[in-house]
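Sequential numbering of the sequence shown, starting at 262, is according to the numbering used here. Data block below; observations after.
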Amino acid sequence: QVSTLIPHTGNIVVGVGTTWSGGQQNTTAAGIESRMKEIDPPAEVELTLAIDISTIPEGSPERETFQVNFAADIAGSLGIPVYRVQVTGIKAGSIIVVFVILPDPNSITAIT
262 QVSTLIPHTG NIVVGVGTTW SGGQQNTTAA GIESRMKEID PPAEVELTLA IDISTIPEGS
322 PERETFQVNF AADIAGSLGI PVYRVQVTGI KAGSIIVVFV ILPDPNSITA IT
């Protein structure tokens with residue numbers, strides 16, 4: 262039995278990388294405009310707090326509670342969901358919290 266191929270019309274897009282990770286290369290079928298979208302990169306932030314780092318030892322329940330509360334406080338202040346605030350490190354110097362604010366997945370921009 263011979264199968265008949267049914268033509269399909271649509272975008273064929275291959276995307277490699279992003280502009281913030283080293284470069285975006287798009288390949289599309291001739292004459293078709295790409296509808297590929299890109300999410301902005303996370304914003305990395307360092308915030309210094311006047312707290313003694315010895316009060317939240319690494320691996321302790323106090324450190325975990327601090328990180329959860331910190332993310333909730335930042336998210337609440339910015340009016341964003343808490344999952345978008347991720348603590349990536351805590352350093353001495355009072356306390357220096359290093360964190361990222363992830364982009365809003367519902368707010369995407371077209372690649373130009």
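C-beta atoms are modelled at their ideal positions from N, C-alpha and C, and glycine is treated no differently.
- When DSSP states are grouped into helix, strand and coil, Ala336 belongs to the helix group.
- Relative to the Cα of Ile314, the nearest Cα in the group Asp301, Asn367, Ala353 belongs to Ala353.
- If you ignore the 5 residues before and after Gly320, its C-beta comes within less than 8 Å of no other C-beta in its own chain.
- Scanning its chain for C-beta atoms nearer than 6 Å, with the 5 sequence neighbours on each side dropped, one finds around Ala336 the residues Val343, Val346, in chain order.
- Apart from sequence neighbours up to five positions away, the residues of its chain that approach Leu310 with a beta-carbon distance below 7 Å are Ser355, Ile356, Val358, ordered along the chain.
- Per DSSP, the continuous beta strand (DSSP E) segment holding Ile362 begins and ends at 356–362.
- Taking a 10 Å sphere around the C-beta of Ile312, we find fewer than 16 other C-beta atoms and assign the residue as exposed.
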